[in-house]
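K.L.:
This is the structure, below, for whatever I ask next.
2 protein chains.
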Amino acid sequence: MRPTVHDIAAEAGVSLATVDRVLNNRPGVRELTRDKVERAIASLGYVRDVTAANLAKGRSYKLIFILPAGDNSFMLGLETEVREAIARSAAERTEIDILFVPAFDPQALANALAEAHRRGPAGVAVVAIDAPEVTDAVRRLRDDGIAVVTLVSDLPGSSRDHFAGIDNIAAGRTAGTLIGRFLGDRAGPVAVLAGSMLVRDHRERLEGFRSVMCESFGSRSILPVIEGQDDPVLVEKLVAALLERHPDIAGIYSLGAGNRGLVAALEKAGRAQVCVIAHELTSYSRAALLSGTIDALLNQDAGHEVRSAIRVLKAKADGLPVLEAQERIRIDVFLKDNLPNGQA
Amino acid sequence: MRPTVHDIAAEAGVSLATVDRVLNNRPGVRELTRDKVERAIASLGYVRDVTAANLAKGRSYKLIFILPAGDNSFMLGLETEVREAIARSAAERTEIDILFVPAFDPQALANALAEAHRRGPAGVAVVAIDAPEVTDAVRRLRDDGIAVVTLVSDLPGSSRDHFAGIDNIAAGRTAGTLIGRFLGDRAGPVAVLAGSMLVRDHRERLEGFRSVMCESFGSRSILPVIEGQDDPVLVEKLVAALLERHPDIAGIYSLGAGNRGLVAALEKAGRAQVCVIAHELTSYSRAALLSGTIDALLNQDAGHEVRSAIRVLKAKADGLPVLEAQERIRIDVFLKDNLPNGQA
DNA sequence: CTGTTAGCGCCTTCAT
DNA sequence: ATGAAGGCGCTAACAG
Chain A
1 MRPTVHDIAA EAGVSLATVD RVLNNRPGVR ELTRDKVERA IASLGYVRDV
51 TAANLAKGRS YKLIFILPAG DNSFMLGLET EVREAIARSA AERTEIDILF
101 VPAFDPQALA NALAEAHRRG PAGVAVVAID APEVTDAVRR LRDDGIAVVT
151 LVSDLPGSSR DHFAGIDNIA AGRTAGTLIG RFLGDRAGPV AVLAGSMLVR
201 DHRERLEGFR SVMCESFGSR SILPVIEGQD DPVLVEKLVA ALLERHPDIA
251 GIYSLGAGNR GLVAALEKAG RAQVCVIAHE LTSYSRAALL SGTIDALLNQ
301 DAGHEVRSAI RVLKAKADGL PVLEAQERIR IDVFLKDNLP NGQA
Chain B
1 MRPTVHDIAA EAGVSLATVD RVLNNRPGVR ELTRDKVERA IASLGYVRDV
51 TAANLAKGRS YKLIFILPAG DNSFMLGLET EVREAIARSA AERTEIDILF
101 VPAFDPQALA NALAEAHRRG PAGVAVVAID APEVTDAVRR LRDDGIAVVT
151 LVSDLPGSSR DHFAGIDNIA AGRTAGTLIG RFLGDRAGPV AVLAGSMLVR
201 DHRERLEGFR SVMCESFGSR SILPVIEGQD DPVLVEKLVA ALLERHPDIA
251 GIYSLGAGNR GLVAALEKAG RAQVCVIAHE LTSYSRAALL SGTIDALLNQ
301 DAGHEVRSAI RVLKAKADGL PVLEAQERIR IDVFLKDNLP NGQA
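Chain order of the listed sequences is A and B. Under UniProt numbering, the very last position in the first sequence is 344; numbers go up by exactly one each time. Under UniProt numbering, the very last position in the second sequence is 344; numbers go up by exactly one each time.
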């Protein structure tokens with residue numbers, strides 16, 4: 001059997017309470033006693049049973065998730081994952097609330113962060129917008145010892161504890177290499193469709209994409225970015241116009257959401273031969289990948305992101321270290337051949 | 001607060017012991033009493049605290065992993081992951097032993113399974129070889145109520161409880177689409193390099209690859225399969241000969257291990273323009289991907305596989321259901337652009 | 001068949 | 001500064 005607090009107490013010749021004080025480095029122990037206990041801990045190779053500790057503490061973590069409202073499938077999927085985490089909250093000792101804010105509205109987001117602050121949670125997870133008022137609101141949370149994790153889109157200049165999302169520059173580069181190699185010698189420009197340049201993730205994907213195109217496929221021309229606000233209706237309108245304006249388009253990189261509109265525009269225009277790389281696996285994008293309208297899909301697993309955010313918030317709330325390597329979110333690359341069978 | 005066994009006992013007017021019997025559907029409770037308790041459970045919305053239950057049980061799961069010996073990096077990585085699981089075993093209430101067997105030797109594997117059987121574990125995880133003596137050995141384990149999970153390579157006809165590995169047909173198809181699209185109109189045949197047709201995962205990858213090549217790139221010729229036994233030295237010899245025999249080779253799909261030898265042969269022959277798709281991210285394949293010798297890498301995360309195998313073995317040992325969707329192992333697709341920074 | 005009692009490993013008053 | 005005692009939610013003898 002592995003050693004317990006009792007063994008340490010016996011070995012060190014002190015009481016359980018003293019061992020506990022040392023273990024949780026609480027005050028009220030003489031240097032000398034503390035040393036004795038620490039020697040016992042080391043010599044017995046003691047490791048604390050975290051589950052038993054949690055049971056005894058009966059602690060529960062109050063967390064708030066701030067998500068953008070809007071009906072694109074990716075954000076709905078993210079919401080679903082948070083709700084599943086809420087369903088698990090009994091087992092995970094969490095109490096999770098969701099706050100919705102209008103998309104791409106920095107002031108609204110800052111207000112939501114303030115509201116979250118008022119509720120006094122142990123931690124906040126937020127899909128960030130890269131704006132000063134948001135950075136400020138995050139700092140105020142952190143100043144009060146509330147842990148903050150950015151989700152999906154980061155806020156690098158801020159004091160957030162952690163980012164639960166993919167490396168968006170790498171994602172953009174991956175899209176660039178795929179579209180460049182898939183197109184090979186086929187002529188024609190490539191268009192880029194984004195949601196909004198206000199959010200960091202979209203800006204970074206664009207940056208990665210452009211740098212690869214420039215480094216490795218320099219002769220391919222890139223059209224100016226189109227911003228569709230992640231709104232399927234607007235996206236469809238913009239893409240329809242784009243296809244009309246440029247009959248010779250060879251490829252499209254859609255780095256935001258609202259792909260429902262992209263697919264509709266392509267199919268109505270009968271432009272199946274355009275090479276399309278898009279982000280996020282949803283029921284729409286999945287269908288388009290299978291039908292051949294979309295050639296490849298880059299994806300971030302919303303479930304992983306939410307679970308990682310929760311683990312990190314709990315750890316930070318307890319002042320525990322985070323294994324960054326374990327919390328890294330992978331960029332999934334899906335072709336029609338390796339689509340998981342599941343829902344999503 | 002969420003309800004506890006005490007609340008149920010009070011609500012149903014019975015003792016804790018009776019509640020516990022119903023909860024773990026143990027015998028010795030009258031139908032009527034059982035009903036009362038079940039009603040109380042339902043009406044209070046009780047969910048059992050698994051961590052407290054485990055604490056009280058003090059149970060620990062004895063597990064055995066059977067891995068092929070040999071010095072290819074993938075299997076070494078797998079071993080490392082098992083050792084990390086062993087390091088966590090205190091916290092996870094597991095006692096894990098590793099048994100090594102010569103690679104691609106069905107009889108040796110069957111013997112190892114028998115040895116594992118003798119040790120009386122709660123579960124066994126095994127990198128399977130598709131052979132009757134192995135299937136038999138697995139059945140004997142299962143007949144004694146020992147849980148069996150196949151790892152990396154499956155044994156579908158057998159009575160194993162679960163397979164912790166990727167969909168290898170999908171992996172082969174993905175490789176086919178990538179190589180087909182990357183090559184475009186470039187002329188020349190494609191070669192396939194496997195470890196051994198004795199193992200299911202290699203056979204399935206080949207099957208998926210061939211079917212996509214046939215369906216979507218029918219004009220491309222595929223050379224006969226080369227078997228390198230996952231041995232870097234043998235692989236290098238075989239590939240060197242292959243390159244000499246076929247100066248016009250356009251692409252190589254390496255669906256097994258031993259890629260160190262593949263890379264060496266390609267680099268010595270100065271054949272960097274050959275399009276290469278390989279499996280498994282190791283320090284060698286990573287370097288080759290970055291240098292451009294390898295064009296894309298398909299990967300299964302050994303850490304995920306090991307952790308999943310352990311979760312499943314524990315669940316099966318307790319007769320609990322497994323959420324297949326949650327245990328699905330993804331096929332990672334790596335280009336030089338989206339390589340994780342970590343070790344591996 | 002059912003209930004009582006004593007833990008599992010840890011934390012937390014409350015005394016001393 | 002230290003210790004004794006009780007409890008977190010559940011399970012496991014052992015009695016009745």
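We treat Cβ as the ideally placed atom computed from N, Cα and C, and that holds for glycine.
Whole beta strand (DSSP E) runs in the segment 96-161 of chain B with 3 or more residues, listed along the chain?
P.N.:
Correct list: 123-126 and 147-151.
K.L.:
How is His202 of chain A classed by DSSP in three states: helix, strand or coil?
P.N.:
Helix at His202 of chain A.
K.L.:
So is Leu323 of chain A buried or exposed if we call it buried at 16+ other beta carbons inside 10 Å?
P.N.:
Leu323 of chain A comes out exposed.
K.L.:
Note down, in chain order, each residue of its chain lying with its Cβ closer than 8 Å to the Cβ of Glu79 of chain A, except the 5 sequence neighbours on either side.
P.N.:
Excluding sequence neighbours, Glu79 of chain A sits near Leu67 and Ile98.
K.L.:
Over what stretch of residues does the beta strand (DSSP E) that includes Lys62 of chain B continue unbroken?
P.N.:
First-last of the beta strand (DSSP E) with Lys62 of chain B: Tyr61 to Pro68.
K.L.:
Measuring alpha carbon to alpha carbon, tell me which residue in B:Asp295, B:Tyr61, B:Phe104 and B:Ala116 is nearest Arg88 of chain B.
P.N.:
Out of B:Asp295, B:Tyr61, B:Phe104 and B:Ala116, B:Tyr61 has the C-alpha closest to the C-alpha of Arg88 of chain B.
K.L.:
Runs of 3 residues minimum, wholly inside the segment 253-290 of chain B: which ones carry the beta strand (DSSP E) assignment?
P.N.:
Those beta strand (DSSP E) runs which fall completely within the segment 253-290 of chain B and span 3+ residues are 275-279.
K.L.:
Between the Cα of Gly70 of chain B and those of B:Ile294, B:Cys275, B:Arg286 and B:Gly258, spot the shortest distance and give me the residue it belongs to.
P.N.:
That would be B:Gly258, whose Cα lies nearest to the Cα of Gly70 of chain B.
K.L.:
Relative to the C-alpha of Leu281 of chain A, which candidate in A:Pro340, A:Ala241, A:Leu242 and A:Asp248 has its C-alpha closest?
P.N.:
It is A:Pro340.
K.L.:
For the beta strand (DSSP E) that Phe334 of chain A lies in, which residues bound it at each end?
P.N.:
Note, Phe334 of chain A: beta strand (DSSP E), Asp332 to Phe334.
K.L.:
When you compare each of B:Asn299, B:Lys336 and B:Leu335 to Gly77 of chain B by their alpha carbons, which one comes out closest?
P.N.:
Among B:Asn299, B:Lys336 and B:Leu335, the Cα nearest to that of Gly77 of chain B belongs to B:Asn299.
K.L.:
For Arg205 of chain B and Leu255 of chain B, which I take to be in contact (beta-carbon distance under 8 Å), what is that distance rounded to the nearest angstrom?
P.N.:
Indeed, because the Cβ distance is near 4 Å, the residues count as touching under 8 Å.
K.L.:
Report yes or no: is there a C-beta of chain B within less than 8 Å of the C-beta of Asn24 of chain A?
P.N.:
It does not; no Cβ of chain B falls within 8 Å.
K.L.:
Run through chain A and tell me which residues come within less than 9 Å of Pro321 of chain B, C-beta to C-beta.
P.N.:
Going along chain A, no residue has its Cβ under 9 Å from Pro321 of chain B, so there is no contact; the nearest lies around 15 Å.
K.L.:
Below 6 Å CB to CB, which residues in the same chain sit around Lys36 of chain B once its five sequence neighbours on both sides are set aside?
P.N.:
Hits under 6 Å: Ala12.
K.L.:
Going along the segment 288-310 of chain A in order, which residues come within less than 7 Å of chain B, judged by CB to CB distance?
P.N.:
Of all residues in the segment 288-310 of chain A, none has a Cβ within less than 7 Å of some Cβ in chain B.
K.L.:
Three Cβ pairs or more, each shorter than 8 Å: is that satisfied between the segment 103-114 of chain A and the segment 182-189 of chain A?
P.N.:
Too few Cβ pairs lie closer than 8 Å, so no.
K.L.:
In the DSSP assignment, find the alpha helix (DSSP H) that holds Asn299 of chain B and state where it starts and stops.
P.N.:
Element bounds for Asn299 of chain B: not the alpha helix (DSSP H) but the beta strand (DSSP E), Ala296 to Asn299.
K.L.:
Rounded C-beta distance between Ile277 of chain B and Ala170 of chain B? I'm assuming under 8 Å.
P.N.:
With 8 Å as the limit, Ile277 of chain B and Ala170 of chain B do not qualify as a contact, their Cβ atoms being about 14 Å apart.
K.L.:
Assuming contact is defined by CB atoms lying nearer than 8 Å, are Val199 of chain A and Asp301 of chain A in contact in what I supplied?
P.N.:
Cβ atoms of Val199 of chain A and Asp301 of chain A: not closer than 8 Å.
K.L.:
Using CA coordinates, which residue listed in B:Ser196, B:Ser216 and B:Pro27 is at the minimum distance from Asp337 of chain A?
P.N.:
For Asp337 of chain A, the nearest C-alpha among the options comes from B:Ser216.
K.L.:
Using a Cβ-Cβ cut-off of 8 Å (strictly less than) and excluding sequence neighbours within five positions of Ile64 of chain A, which residues of its own chain qualify?
P.N.:
Hits under 8 Å: Ile96, Asp97, Ile98, Leu99, Ala116, Arg119, Pro121, Gly123, Val124 and Ala125.
K.L.:
DSSP puts Ile222 of chain A in a beta bridge; with which residues?
P.N.:
A:Val190, per the DSSP bridge assignment.
K.L.:
Name, in chain order, the residues that DSSP records as bridge partners for Gly251 of chain B.
P.N.:
The partner list for Gly251 of chain B (beta bridge, DSSP) reads B:Val190 and B:Cys275.
K.L.:
For Leu289 of chain A, which residues of its own chain have a beta-carbon under 7 Å away from its beta-carbon, when the five flanking residues on both sides are left out?
P.N.:
Hits under 7 Å: Leu297, Phe334, Lys336 and Leu339.
K.L.:
Counting only the same chain and skipping the five closest in sequence on each side, list residues whose C-beta sits under 6 Å from that of Gln343 of chain A.
P.N.:
Note that Gln343 of chain A scores a pLDDT of 49, beneath 50, so its modelled location is shaky; the value from the coordinates is reported in the next line. Closer than 6 Å at Cβ, skipping near neighbours: no residue.
K.L.:
Taking any Cβ of chain B, which residues in the segment 90-104 of chain A have a Cβ under 8 Å from it, in chain order?
P.N.:
Under the 8 Å Cβ criterion, the segment 90-104 of chain A contributes Ala90 and Ala91.
K.L.:
Using the beta-carbon count (16 or more within 10 Å), is Gly218 of chain B buried or exposed?
P.N.:
Counting Cβ neighbours within 10 Å, Gly218 of chain B comes out exposed, since fewer than 16 surround it.
K.L.:
Let's test the definition: count the other Cβ atoms within 10 Å of the Cβ of Gly45 of chain B and tell me whether it reaches 16, buried, or not, exposed.
P.N.:
Exposed.
K.L.:
With a threshold of 8 Å between beta-carbons, can Gly184 of chain B be considered close to chain A, or not?
P.N.:
Yes, contact with chain A.
K.L.:
Enumerated in chain order, which unbroken segments of the alpha helix (DSSP H) with a length of 4 residues or greater are wholly contained in the segment 29-59 of chain B?
P.N.:
Counting only runs of 4 or more, we get 31-44 and 50-57.
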